[in-house]
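**Q**
In UniProt numbering, the protein residues as written are 1 to 423.
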């Protein structure tokens with residue numbers, strides 16, 4: 001098709017600049033809500049391309065708007081924050097933030113790739129603006145890793161100040177073979193909540209436990225009992241994970257501490273079920289506190305939370321056809337559900353996102369980032385099975401295969417947007 005050749009030509013013209021941007025972002029990662037320099041670089045490029053740019057939305061978010069006649073408004077979203085991980089990839093453009101005066105920081109989840117692909121797609125779609133009509137909304141979101149950026153941008157008036165989209169599109173890199181594109185309709189990524197809990201005791205000498213209330217014993221009983229929620233309170237057909245990732249108490253062996261701290265992570269593919277599990281956690285901990293003579297009720301804090309990513313089936317099908325036409329069916333794969341989580345769905349969920357006017361359909365797909373050499377060393381019938389044998393995002397060794405990942409990510413966003421813009 002002629003439009004495909006035009007896309008390839010425009011992509012080739014911007015590739016070197018986007019590759020330079022990617023390496024620069026990878027060298028200089030920034031933590032959630034600290035993406036000041038990242039945002040400045042991305043805003044400058046959007047401005048140079050010809051977009052109307054808004055900065056500081058949701059603290060460090062950047063939005064570019066391109067109005068190109070009557071037609072639908074399509075929102076393309078990418079994230080841009082990094083993780084507190086010391087990079088071990090050995091790349092010649094590895095992170096320069098490797099500890100010392102501040103924490104080690106790395107783009108271990110590929111958000112630098114996402115931001116670069118989004119910028120490249122913005123450039124290609126601007127170059128091809130004679131071939132489509134409508135409004136393109138490019139959103140560089142901060143703080144995805146702490147599930148804070150999407151709601152921060154919405155609270156700051158993203159839809160009221162900029163534009164309200166008719167459809168929202170996003171993507172994430174994964175260790176499938178670079179150049180492949182994966183789709184999944186319906187519930188694709190888990191809802192998640194991390195709960196902080198303080199269990200109160202009455203400290204004292206280790207030799208006189210009867211004169212104290214030991215919060216460690218209470219916490220230990222609670223941790224064991226929490227494991228029965230999934231096995232005894234959830235239907236076997238559901239996927240639920242309850243993880244106590246932190247249990248901290250005391251200073252030395254002969255002191256009974258005054259309190260114990262827990263952090264509990266819950267993940268599942270239903271917002272309703274997630275709330276049921278959280279209620280069960282509170283019930284069990286409250287009961288153990290009562291049984292253990294805790295002097296006052298446990299305290300609970302929501303440390304992070306996000307909702308289920310539930311892709312609109314019709315939107316996914318439309319995207320899949322567009323991606324199949326451009327890449328060929330042999331480069332597409334069926335993605336399995338991921339226990340990982342995203343705050344992307346807040347942009348489309350009116351109740352959870354806090355915006356008016358009803359829900360907005362959205363779709364989120366996956367691009368491969370693994371090298372051909374690493375992929376050849378995996379085995380399995382499904383792409384999803386082979387993918388799990390390689391370093392996943394959040395690993396200090398995670399390194400996307402740069403050129404095919406960038407080219408695929410840019411083209412997937414461009415063809416995805418064109419599937420919904422007026423031609």
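Just so it is clear, CB atoms sit at the ideal spot from N, CA and C, and this is done for glycine as well.
(1) Quick one: which unbroken alpha helix (DSSP H) runs of 4-plus residues sit fully inside the segment 7 to 92? Chain order, please.
(2) Output the distance between the C-alpha atoms of residue 330 and residue 383, rounded to the nearest integer angstrom.
(3) Distance, Cα to Cα, residue 350 vs residue 235?
(4) Drop a sphere of 10 angstroms on the beta-carbon of residue 18, count the other beta-carbons inside from all chains shown, and report buried for 16 or more, exposed for fewer.
(5) Report yes or no: do three or more beta-carbon pairs, one from the segment 280 to 296 and one from the segment 127 to 136, lie closer than 8 Å?
(6) Could you pull out every residue in the same chain whose Cβ sits closer than 7 Å to the Cβ of residue 124, ignoring the five residues on either side in sequence?
(7) To the nearest angstrom, how far is it from the Cα of residue 99 to the Cα of residue 208?
(8) Sorted by chain position, which residues of the same chain lie with C-beta nearer than 6 Å to residue 243's C-beta, five sequence neighbours on each side aside?
(9) Give me the Cα-Cα distance between residue 322 and residue 416, rounded to the nearest whole angstrom.
(10) Can you pull the DSSP bridge partners for residue 186?
(11) So for residue 281, helix, strand or coil by DSSP?
(12) Is it buried or exposed for residue 118, if we count other Cβ within 10 angstroms and need 16 for buried?
(13) Can you name the residues that DSSP bridges to residue 227?
(14) Residue 270: which of 406, 157, 307 sits nearest, CA to CA?
(15) Please list, in chain order, all residues of the same chain as residue 426 whose beta carbon is under 7 Å from its beta carbon, the five residues on each side excluded.
(16) Quick check on residue 406: does DSSP put it in helix, strand or coil?
(17) Closer than 7 Å by C-beta to residue 31: which residues in its own chain qualify, once you throw out the five before and the five after it? Chain order, please.
(18) Relative to the C-alpha of residue 332, which residue among 293, 356, 365, 53 is closest?
(19) In whole angstroms, what is the alpha-carbon distance linking residue 171 and residue 288?
(20) Whole-angstrom Cβ separation of residue 22 and residue 113, contact assumed at under 8 Å?
(21) Along the chain, where does the beta strand (DSSP E) that runs through residue 365 open and close?
(22) Residues in its own chain within less than 8 Å of residue 223 by CB, not counting five upstream and five downstream?
(23) Does DSSP put residue 276 in a helix, in a strand, or in coil?
(24) Just the Cα atoms here: how many angstroms apart are residue 35 and residue 62?
(25) In terms of residues, what are the limits of the alpha helix (DSSP H) holding residue 111?
(26) Do you know offhand how far residue 20's Cα is from residue 41's?
(27) By the three-class DSSP mapping on this structure, what secondary structure does residue 198 have?
(28) Enumerate in chain order the residues of its own chain whose CB-to-CB distance from residue 316 is below 8 Å, with the five nearest sequence positions on each side excluded.
(29) Identify whether residue 268 lies in helix, strand or coil by the three-state DSSP scheme.
(30) For the beta strand (DSSP E) holding residue 300, just list the boundary residues, first then last.
(31) Report the residue from 217, 27, 239, 240 whose alpha carbon sits nearest the alpha carbon of residue 294.
(32) Starting from residue 354, trace the beta strand (DSSP E) both ways and give me its first and last residue.
(33) Between the alpha carbons of residue 231 and residue 237, how many angstroms are there, rounded?
(34) Do you know whose CA, among 313, 122, 68, lies nearest residue 43's CA?
**A** In this structure, then:
(1) Correct list: 36 to 49.
(2) As a working note, residue 330 is residue 330 in the chain shown. As a working note, residue 383 is residue 383 in the chain shown. Cα to Cα, residue 330 sits roughly 12 Å from residue 383.
(3) Here residue 350 is taken as the residue at index 350 of the chain shown, counted from 1. Here residue 235 is taken as the residue at index 235 of the chain shown, counted from 1. Near 28 Å, if we compare the C-alpha coordinates of residue 235 and residue 350.
(4) One-based indexing of the chain shown puts residue 18 at position 18. So residue 18 counts as buried.
(5) In short, these stretches do not touch, since the Cβ pair count stays below three.
(6) Your numbering for residue 124 matches position 124 in the chain shown. 7, 10, 11, 14, 410, 414, listed in sequence order.
(7) Here residue 99 is taken as the residue at index 99 of the chain shown, counted from 1. Here residue 208 is taken as the residue at index 208 of the chain shown, counted from 1. The alpha-carbon of residue 99 is positioned some 44 Å away from that of residue 208.
(8) Residue numbering aside, residue 243 sits at position 243 when the chain shown is read from its first letter. Counting only Cβ-Cβ distances below 6 Å, and skipping sequence neighbours, we find 265.
(9) Here residue 322 refers to the residue found at position 322 of the chain shown. Here residue 416 refers to the residue found at position 416 of the chain shown. Residue 322 and residue 416: Cα-Cα distance of roughly 6 Å.
(10) Within the chain shown, the letter at position 186 stands for residue 186. DSSP, once it has assigned bridges, lists 311 as partnering residue 186.
(11) Within the chain shown, residue 281 is the residue found at index 281, counting from 1. Reduced to three states, the DSSP call for residue 281 is helix.
(12) As a working note, residue 118 is residue 118 in the chain shown. By the neighbour-count rule (16 or more Cβ atoms within 10 Å), residue 118 is buried.
(13) Working through the chain shown from its first residue, we reach residue 227 at position 227. According to DSSP, which records beta bridges pairwise, residue 227 is partnered with nothing at all.
(14) Mapped onto the chain shown, residue 270 falls at position 270. Of the listed residues, the one whose Cα sits closest to residue 270 is 307.
(15) Past the boundaries of the shown model lies residue 426; the chain is included only from 1 to 423, so the question cannot be answered.
(16) The residue labelled residue 406 in the question sits at position 406 within the chain shown. Helix at residue 406.
(17) Indexing the chain shown from 1 puts residue 31 at position 31. Here the set comprises 81, 82, 84, 105.
(18) Against the chain shown, residue 332 aligns to sequence position 332. Of 293, 356, 365, 53, the residue nearest in Cα terms is 365.
(19) On the chain shown, residue 171 is found 171 positions in, with the first residue counted as 1. On the chain shown, residue 288 is found 288 positions in, with the first residue counted as 1. Going by the C-alpha atoms only, they are around 43 Å apart.
(20) Taking the first residue of the chain shown as 1, we reach residue 22 at position 22. Taking the first residue of the chain shown as 1, we reach residue 113 at position 113. A Cβ-Cβ distance of about 6 Å is found for the pair residue 22 and residue 113, placing them in contact under the 8 Å criterion.
(21) As a working mapping, residue 365 is identified with position 365 in the chain shown. 362 to 370 is the extent of the beta strand (DSSP E) around residue 365.
(22) On the chain shown, residue 223 is found 223 positions in, with the first residue counted as 1. Excluding residues up to 5 positions away in sequence, 244, 247, 262 lie with their Cβ nearer than 8 Å to the Cβ of residue 223 in the same chain.
(23) Within the chain shown, the letter at position 276 stands for residue 276. Note: residue 276 maps to helix in three-state DSSP.
(24) Taking the chain shown and counting its residues from 1, one reaches residue 35 at position 35. Taking the chain shown and counting its residues from 1, one reaches residue 62 at position 62. Straight through space, the alpha carbons of residue 62 and residue 35 are spaced by roughly 10 Å.
(25) Working through the chain shown from its first residue, we reach residue 111 at position 111. Here the alpha helix (DSSP H) through residue 111 covers 111 to 127.
(26) The count along the chain shown starts at 1 and reaches residue 20 at position 20. The count along the chain shown starts at 1 and reaches residue 41 at position 41. Residue 20 and residue 41 have their C-alpha atoms some 12 Å from each other.
(27) In the chain shown, the residue the question calls residue 198 occupies position 198. In this structure, residue 198 counts as strand in the three-state DSSP scheme.
(28) If you number the chain shown from 1, residue 316 lands on position 316. Excluding five sequence positions before and after residue 316, the CB atoms of its chain that fall closer than 8 Å to its own CB belong to 183, 184, 185, 363, 365, given in chain order.
(29) Within the chain shown, the letter at position 268 stands for residue 268. Three-state DSSP puts residue 268 in a strand.
(30) Numbered from its first residue, the chain shown carries residue 300 at position 300. From DSSP, the beta strand (DSSP E) with residue 300 extends over 299 to 306.
(31) If you number the chain shown from 1, residue 294 lands on position 294. Residue 294 has its Cα closest to that of 217, out of 217, 27, 239, 240.
(32) Within the chain shown, the letter at position 354 stands for residue 354. Careful: residue 354 lies outside any beta strand (DSSP E) and carries neither H nor E.
(33) For the purposes of this step, residue 231 is taken as residue 231 along the chain shown, with counting starting at 1. For the purposes of this step, residue 237 is taken as residue 237 along the chain shown, with counting starting at 1. Distance between the alpha carbons of residue 231 and residue 237 is about 11 Å.
(34) Here residue 43 is taken as the residue at index 43 of the chain shown, counted from 1. Residue 122 is the option with its Cα nearest to residue 43.
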